[in-house]
Every structure is written in C-alpha cells, then in structure tokens.
Amino acid sequence: MPSRIRRIPAVGISDVSRALRPGRTAARVSPAKAASRQHSQAAVASIEHSLARIAAIDLRSNSKLPSRYDGTSATYKAQQPYISRRSRTVRERKGIDVVHNVLVNHQVDMLFGIPARSQAADPFQTLYKADAIKSFAPVQEQSVGHVAEGYARAIGKPGIVIATSAHAIPSLVTPMQDALMDGTPMVVLYSLNPSSSIGSDEFQSPDNLSIASACTKWTTKVRDMSELKSKLHTAFEIAVSGRPGSVMVEIPPSILAANLPVFSGSSNEDPAPLYAKPTRIIRPHDTLQVTLSRVARMVDRAEKPILFVGQGMLASPNGPAVLKEFADRTNMPVTTTLQGLGAFDELDPKSLHMMGLHGSSYANRAIQEADLILALGVRFDDRVTGALAKFAPAAKAAARAGHGGIVHFEISPKNVDKVITATESVIGDCTENLAQLTPLTQRCKDRPEWWAQINSWKKAFPLSAYRLVKQPVVRIRPQDVIARLSDMTSHMKDKVLMTTGVGQHQMWAAQHFRWRYPRTMLTSGGLGTMGYGLPAAIGAKLARPDCLVIDIDGDASFGMTMMELATASHYNIGVKVIIFNNEEMGMISDLQRLYYNERFTQNRPINPDFAGLAEAYGVASSKAVTPDEVEEKLKWLIECDGPAVLEVMTEKNAPVWPVVPAGKGLHEGITYPAVRKEYFFEHTEFMHCHLKKLQVSQC
Numbered sequence: 001m002p003s004r005i006r007r008i009p010a011v012g013i014s015d016v017s018r019a020l021r022p023g024r025t026a027a028r029v030s031p032a033k034a035a036s037r038q039h040s041q042a043a044v045a046s047i048e049h050s051l052a053r054i055a056a057i058d059l060r061s062n063s064k065l066p067s068r069y070d071g072t073s074a075t076y077k078a079q080q081p082y083i084s085r086r087s088r089t090v091r092e093r094k095g096i097d098v099v100h101n102v103l104v105n106h107q108v109d110m111l112f113g114i115p116a117r118s119q120a121a122d123p124f125q126t127l128y129k130a131d132a133i134k135s136f137a138p139v140q141e142q143s144v145g146h147v148a149e150g151y152a153r154a155i156g157k158p159g160i161v162i163a164t165s166a167h168a169i170p171s172l173v174t175p176m177q178d179a180l181m182d183g184t185p186m187v188v189l190y191s192l193n194p195s196s197s198i199g200s201d202e203f204q205s206p207d208n209l210s211i212a213s214a215c216t217k218w219t220t221k222v223r224d225m226s227e228l229k230s231k232l233h234t235a236f237e238i239a240v241s242g243r244p245g246s247v248m249v250e251i252p253p254s255i256l257a258a259n260l261p262v263f264s265g266s267s268n269e270d271p272a273p274l275y276a277k278p279t280r281i282i283r284p285h286d287t288l289q290v291t292l293s294r295v296a297r298m299v300d301r302a303e304k305p306i307l308f309v310g311q312g313m314l315a316s317p318n319g320p321a322v323l324k325e326f327a328d329r330t331n332m333p334v335t336t337t338l339q340g341l342g343a344f345d346e347l348d349p350k351s352l353h354m355m356g357l358h359g360s361s362y363a364n365r366a367i368q369e370a371d372l373i374l375a376l377g378v379r380f381d382d383r384v385t386g387a388l389a390k391f392a393p394a395a396k397a398a399a400r401a402g403h404g405g406i407v408h409f410e411i412s413p414k415n416v417d418k419v420i421t422a423t424e425s426v427i428g429d430c431t432e433n434l435a436q437l438t439p440l441t442q443r444c445k446d447r448p449e450w451w452a453q454i455n456s457w458k459k460a461f462p463l464s465a466y467r468l469v470k471q472p473v474v475r476i477r478p479q480d481v482i483a484r485l486s487d488m489t490s491h492m493k494d495k496v497l498m499t500t501g502v503g504q505h506q507m508w509a510a511q512h513f514r515w516r517y518p519r520t521m522l523t524s525g526g527l528g529t530m531g532y533g534l535p536a537a538i539g540a541k542l543a544r545p546d547c548l549v550i551d552i553d554g555d556a557s558f559g560m561t562m563m564e565l566a567t568a569s570h571y572n573i574g575v576k577v578i579i580f581n582n583e584e585m586g587m588i589s590d591l592q593r594l595y596y597n598e599r600f601t602q603n604r605p606i607n608p609d610f611a612g613l614a615e616a617y618g619v620a621s622s623k624a625v626t627p628d629e630v631e632e633k634l635k636w637l638i639e640c641d642g643p644a645v646l647e648v649m650t651e652k653n654a655p656v657w658p659v660v661p662a663g664k665g666l667h668e669g670i671t672y673p674a675v676r677k678e679y680f681f682e683h684t685e686f687m688h689c690h691l692k693k694l695q696v697s698q699c
C-alpha cells in the first residue's frame, strides 16, 4: 500500500527527502485537502527542480541524497541555503575557484610552492594559470617557507605557501615555526590525501594536520564544501591579527574539485570583502586612559628613562613616526632588539643601537641603570635580558619606591608578565597606545646627568673597538665590510633591504650597519634558523623589486640553502649575496673557546668554491681576499645586474664582542678591549689565555 504524505505547511529539503524516497508514491488526497495538495505539489516541484540542478540527481530514482562530506569523496552537504522564490537561478563554482577568489580578494599576487610529485595531479594547478597571481618554485621545500617569510617581512602582508606533497609539511616545519616565533604572517594551503588515508600507512599519508598544529598559530581542515570560503578568510585574519604568525589550512583534493552551488542573490555568490585593516588592535579596556595617565606621570617623574623597542613597533606602518615623536618630546634614549632594528633611526643621537647578548655595551648599561623602562612590543626573551635576576635592577628598585619601573606595551596578553613582571601593562596595538600616551606627557628639553652618563659609555665602549685588536695575519675584517657597505649605501638606505643567515655575520650586520628605516633588516631571531638568508632575500626582492636586496651570510649558514642560487638564476631575481668565509662555524667556535677550554669539534664545514658554484648556476661572482679589494668588490656587487655573489675571505678566530656570558647580567658583558681583565682570571683561565692570543691590551 502506498504511504500517505502528511500535510506540511512549509516544504523543506528534508521533507522532500522523506516524501520521495524510492518506492513511495503520492497518497490519495480528499477533496477537502485539494488546496493543500496543490500547494505541496508546487513546492515539491520547485525544490525538486533546484535540487536536480544542484546535485545532478533524479530524486525519484534509487539515488540517495548527497550526504555530509566525509573527507573521502566529493559529495556535498545536502542542507543548502533556503531557496526562496527570488533565488531560483543556480550556478556552480568549483572549490579551487573559491580558493582563487579568496586569494584575489585578499590581494594575493604571489604563491610559493613546489609542484606535486605524487601520482595524483596537483590540485592547485588552476591557481598557477591565474593571470593575477604569479607562482614561484624554489629548489628545496624548506626554502619555500623562508621565501614566503622574506616576502611577508618585506611587504607586510602574508606570504602564501602551496603544499601538495605529504613530505612538504614536515619540510615546512622549520619555516612555520620560524614565522610563528618571529611574528611573520604566513598562510600555508595544503592538499593531498583524503582523511581515510590517515593512519593507514599508505604512500605519503602522514598526519600533517597534527604535525602543523605544533608549529603554527592556527591549523584547520576543511571538512565540508560549505566551510571552504569562511575558513580561508579566517586563516588570513588570524595570520595578521594580534601578533602575526603562521597558519595552515588543509583542503582535501575532493573539495577543490567539487562544485559549490551559488544561488543568485545569496551570501555565497561573491567572496567576502577584504577587511580594510588587519585586526591588530585588541579593544582597549575601560581603564586604558587611567593606565596611560599613570604611565605619563611615571615618564614625567623619571630621571633616567629609556625606550626599549621591539618588532611590535613595526607592525603598523606609522609606528616609527609615532616612536620618534614620543622620543623627541620626552628626550628619551632608544634601544632596540634584533628584530626591532629599523624602528628608530640609528643616526639620531638618541639611538643606543641594539641591546642584548651581542648588543652595544652602552645600551645594556643604560637598561641596567634606567629607573623607567618603556618596553614597546618586546617579549623579554633571554637574548635581551641576560640573567633574569640581574635584569633592570634600578627600574625594579624604582618600582618598589613607587616612582618608576617597567611598563610593558604589548598586543598579546599572554606575553605580559610571562618573563618579567611589569609595573604597568598596556594591552593593545603599541603604535596606537603610544600615540595616545604622547600628548599626556610633558615636553622635556634636557636630561643633563642621564645623557652625560650615556655619552661617557658611548665613548668608552664604541662598537668600533674591534679595530684595537691586533691581527697576527692581515686579513679582511668582516666588521669593516659591513661598515663600508653601510657608508656606500647611505644615500639610499630606504631602498636597501638586508637579510642574514644565523651566526657571527648576523651579529656583525646588526652591530655595524646603520639601520634607519623599518622592514629593512630581515633575519631569523626566535628560532635562529641557519640558511634563512638567501631564500628570504629572494622573497624580499620579489616583494620589493625596486630595492637593493643583500644577503649577508656566513660560509656555514649559506651552505644550508645555497642551492637556491638556482632559483635566483632561473627567475633572474637580482639578489646580492656576500659570503663571509672564515672556514669555520664561528659562533660554535666562540662557544667552544669560551666554555669548553678550546675543545673544538664539528666546527669546520666542508666548503665548495663559492664563486665557482655561483658561476655553475649562471650567477655572476667575484672574490675579495685582501682588505684593499673590499671597496672595489662591493661597488661591483651593488652595480651588478641580476643575481650576484661576492665571497669575502675574512680573518679567522674573530670573536663576536660585546657578548654577555651565560648567567651574567647585561652590565657584565665582555667588551673590546677587556676593561675588567680580572673577570677572566676569576672565572676561567682559558678565557684569559685567549685574550692574550688576541693581544688585547688593558684599557
């Protein structure tokens, strides 16, 4: 017997699904229900027509309605948006087209990735053909992430990575973690295997979602076609919101290939508009103005204040301008972290340059003796604090006395009081909050005693003191190369971007190049990734082709990713590379020299002929061996068309000083020359012996 259909006042998709199951027929309807029958039939016919166009199925056949996407097939969720009488026009859009539209909507113009090498076709092939988006394929998969990092750091918007092989995500762990720790926005789009392959030990089937979750700010998987667009938009917003970082979105190939129905007039017809401004600002608390008023009084009362600036001041384009206005108004000295270089013009007399482990001695001493520290966008990591118990004793004493202390401006609440307990914390965008603080403070024309002390430190501990060390054999000093490069580019500092690897050369670049503009120093700080320099330089040059982009690298660090010379040559990306070749891992040698009684091990890399290697890749190259050649070779490098490599044979066994030894306070650093020779006798004889070898005289 045929079943009856109950009268339904409003017909939905679920009702049609129940009513039109295979084997069922329409029930006989009494004349009294004729009107209702006609209404139901009309509604059923309308919905049946729409569903047939959506899913290309015959509702009266034995085919089942599409079920919710389960990760193993391209089926599409049955519960579609309500179809009104005015929205009967339906068209289809593939998942990959949705991805393309979202990327264009977020002003993405470059993709970085290596094509799939699996049996399946690359699911992102359509993106590579898009006119509005260019794609670049570095040689090595780890380098893909570093290229994206360099691009993001140089231009201030997310670098987009395309991953289409299972081993791509493990290879990207280092750059994803690097971006997370350094606050670099990166969006990784991954597509390869369906969910059913996870745990099956199939070829290329690791659980990449779990792998990425440990080294990204946010990781998600698109499990349903209806989630695709919203999750992509969310990924972009999270990548740039608050403290930027890396995110990963896994999109199964079946979703990229599936069709998304788009109803004319519905919300999913067009991509959501790009947010006008990255959400970097946490909404201030009601007490913000009260807090800023207290901080202003602390600034006005301070006798020895200092501005301690990190990368957070570079998050907003007008951050450096706001910082300068505040420093000029309050006449406060300014020191920066490694990642904060460029936030303040180092030619300004108020600049104390970089502080910390290898920072200037005068900056470190100023931090220790300041009664008020305004920390702007810093995390207080161990490379800038030294021994925590010995950090900022004067500021801590002033806080106990009720007239000074440490004020932490930070956008990420989790970083407040995590390492250093702040006297006051100002949560939110550093630039906006500092701009609000500025008019609350009094103008200060002079701080005579404080500046007299600082200037005496500058005279006693200049960064140029390395020249006082006598060389047993005359070779090129790497510090001189950096200083000369800084002078030769002084007229174009706003158009010079520098990347570095990790090691001694990184610290020499930070110390001896005069940083004047934001986003000009791109280096790996939190993770300290060797091999970062060359791929990051490639990304920076792609982001800002009008700039001179120079990678300052060491022989060991450059060796980690030197194959990317092939990428620079293939795409004719005009990066310049300076390789300091001292035939050792200098930073490792420093540690083994100072702490392990010169018991050297595994510190000598096997180097190729770098100039010959560059020529083999089709890259122009040259070599500097004597100090007299440096200026001529640097001029050649700057003026060279296309990518170029300059190998510089530098002195061996050159330490990176100043340095704050482990367990010591910032004021206990070793300097050029050694001003406290008894320090070496007291702690280790071999450190004094090494001092004699370098023929460093008593100050």
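Quick note on numbering: the sequence shown equals residues 1 to 699 in the UniProt record's numbering.
Don't be surprised by glycine CBs; every beta carbon is placed ideally from N, CA and C.
Do you know offhand how far Val469's Cα is from Val659's? Working through the sequence shown from its first residue, we reach residue 469 at position 469. Working through the sequence shown from its first residue, we reach residue 659 at position 659. In this structure, the alpha-carbon of Val469 lies about 16 Å from that of Val659.
Taking all protein chains shown into account, decide if Ser213 is buried (16 or more other Cβ within 10 angstroms of its Cβ) or exposed. If you number the sequence shown from 1, residue 213 lands on position 213. Under this definition Ser213 is an exposed residue.
Residues bridged to Gly612 by DSSP? Numbered from its first residue, the sequence shown carries residue 612 at position 612. None, per the DSSP bridge assignment.
Taking the CB atoms as reference points, tell me whether Leu323 and Met332 lie closer together than 8 Å. Reading the sequence shown from its first residue, position 323 is the one you call residue 323. Reading the sequence shown from its first residue, position 332 is the one you call residue 332. In this structure, the beta-carbon distance from Leu323 to Met332 does not fall below 8 Å.
With respect to the alpha helix (DSSP H) encompassing Lys324, which residues constitute its N-terminal and C-terminal limits? Mapped onto the sequence shown, residue 324 falls at position 324. That run of the alpha helix (DSSP H) goes 319-330.
When the Cα atoms are used, what is the spatial distance from Leu565 to Gly642? Position 565 of the sequence shown, counting from 1, holds the residue named residue 565. Position 642 of the sequence shown, counting from 1, holds the residue named residue 642. When rounded, the distance between both Cα atoms is 12 Å.
Top-ranked residue by Cα proximity to Ala397, from Pro413, Phe409, Ala387, Thr423: Start at 1 with the first residue of the sequence shown, and residue 397 comes out as number 397. That would be Thr423, whose Cα lies nearest to the Cα of Ala397.
Runs of 4 residues minimum, wholly inside the stretch 465-520: which ones carry the alpha helix (DSSP H) assignment? Listed in chain order, the complete alpha helix (DSSP H) runs (minimum 4 residues) inside the stretch 465-520 are 478-488, 504-512.
Find the nearest neighbour of Gly669 within the set Ala644, Asp590, Ser360, Gly554, judged by alpha-carbon distance. Within the sequence shown, the letter at position 669 stands for residue 669. Selection Ala644, Asp590, Ser360, Gly554 evaluated against Gly669 yields Ser360 as nearest (Cα-Cα).
Heavy atom of the ligand NAP within 7 Å of Leu292 beta-carbon: With respect to small molecules bound, the structure shown includes none, and the ligand NAP cannot be examined in it.
Go through its chain and collect everything with a Cβ distance to Ala624's Cβ below 6 Å, but skip five positions before and after it. Start at 1 with the first residue of the sequence shown, and residue 624 comes out as number 624. Val630, Lys633, Val648, listed in sequence order.
Quick check: the stretch 216-230 against the stretch 138-153, are there 3 or more CB pairs under 8 Å? At 8 Å Cβ cutoff, the stretches do not touch.
Just list the alpha helix (DSSP H) runs in the UniProt domain "Thiamine pyrophosphate enzyme central" (293-437), keeping only unbroken ones of 4 residues or longer that don't cross its boundaries, in chain order. Complete alpha helix (DSSP H) runs here, min 4: 319-330, 361-369, 382-385, 393-401, 430-437.
Opposite Gly159 in the DSSP bridges: which residues? Residue numbering aside, residue 159 sits at position 159 when the sequence shown is read from its first letter. Its beta-bridge partners are Met186.
Whole angstroms are fine: how far does the CA of Ala166 sit from the CA of Asn208? For the purposes of this step, residue 208 is taken as the residue at position 208 of the sequence shown. For the purposes of this step, residue 166 is taken as the residue at position 166 of the sequence shown. Between Asn208 and Ala166, the C-alpha separation is close to 7 Å.
Going by alpha carbons, who is nearest to Ser254 out of Met225, Ser246, Lys231? Here residue 254 refers to the residue found at position 254 of the sequence shown. When each option's Cα is compared against that of Ser254, the closest is Met225.
How long is the line joining the alpha carbons of Ile153 and Asp417, rounded to whole angstroms? In the sequence shown, counting from the first residue as 1, residue 153 sits at position 153. In the sequence shown, counting from the first residue as 1, residue 417 sits at position 417. According to the sequence shown, residue 153 is Arg rather than Ile. Answer to the nearest angstrom: the Cα atoms are 27 Å apart.
Note down, in chain order, each residue of its chain lying with its Cβ closer than 8 Å to the Cβ of Leu485, except the 5 sequence neighbours on either side. Taking the first residue of the sequence shown as 1, we reach residue 485 at position 485. Cβ neighbours of Leu485 beyond the five flanking positions: Phe513, Ile550, Ile578, Leu634.
Whole angstroms are fine: how far does the CA of Val102 sit from the CA of His233? What you label residue 233 is simply residue 233 of the sequence shown in a count that begins at 1. What you label residue 102 is simply residue 102 of the sequence shown in a count that begins at 1. Roughly 7 Å separates the two Cα atoms.
According to DSSP, residues forming a beta bridge with Trp451: Walking along the sequence shown from the start, residue 451 turns up at place 451. Answer by DSSP bridge pairing: none, since Trp451 is not bridged.
Buried or exposed: which applies to Asn415, given that a residue is buried once 16 or more other Cβ atoms fall within 10 Å of its Cβ? Within the sequence shown, numbered from 1, the residue matching residue 415 stands at position 415. Taking all protein chains in view, the Cβ of Asn415 is crowded by 16 or more other Cβ atoms within 10 Å, so the residue is classified as buried.
Inter-residue Cα distance where the pair is Val290 and Gly356: Here residue 290 corresponds to residue number 290 of the sequence shown, with the count starting at 1. Here residue 356 corresponds to residue number 356 of the sequence shown, with the count starting at 1. When the Cα atoms are used, Val290 and Gly356 turn out to be separated by approximately 32 Å.
Chain-order list of residues whose beta-carbon lies under 6 Å from that of Gly627 (same chain, five-residue window excluded): Residue numbering aside, residue 627 sits at position 627 when the sequence shown is read from its first letter. Just to set this straight, residue 627 is Pro in the shown sequence, not Gly. The residues are Ile476.
Host beta strand (DSSP E) of Asn581 (start-end): Here residue 581 refers to the residue found at position 581 of the sequence shown. Per DSSP, the unbroken beta strand (DSSP E) holding Asn581 starts and ends at 576-581.
Measuring CA to CA, which of Ile96, Thr567, Thr337 is closest to Asn259? For this step, residue 259 is matched to residue 259 along the sequence shown. Of the listed residues, the one whose Cα sits closest to Asn259 is Ile96.
Helix, strand or coil for Glu250? Go by DSSP, reduced to three states. Taking the first residue of the sequence shown as 1, we reach residue 250 at position 250. For Glu250, the three-state secondary structure derived from DSSP is strand.
Name the DSSP bridge partner or partners of residue 739? Outside the displayed span of the chain (1 to 699) sits residue 739, for which this structure offers no information.
Hey, Ile251 and Leu189: beta-carbon distance below 8 Å or not? The sequence position of residue 251 within the sequence shown is 251, counting from 1. The sequence position of residue 189 within the sequence shown is 189, counting from 1. Yes, Cβ-Cβ distance for Ile251 and Leu189 is below 8 Å.
Pull up the distance between the alpha-carbon of Ser246 and that of Ser293, whole angstroms please. The sequence position of residue 246 within the sequence shown is 246, counting from 1. The sequence position of residue 293 within the sequence shown is 293, counting from 1. Straight-line Cα distance between these residues: approximately 36 Å.
Spatial neighbours of Pro158 in its chain, beta-carbon cut-off 7 Å, leaving aside the 5 residues before and after: For the purposes of this step, residue 158 is identified with residue 158 of the sequence shown, where counting begins at 1. Hits under 7 Å: Ala152, Pro185, Met186, Val187, Phe236, Ala239, Val240.
Hey, how far is the Cα of Lys458 from the Cα of Tyr617? Walking along the sequence shown from the start, residue 458 turns up at place 458. Walking along the sequence shown from the start, residue 617 turns up at place 617. Rounded to whole angstroms, Lys458 to Tyr617 spans 45 Å at the Cα level.
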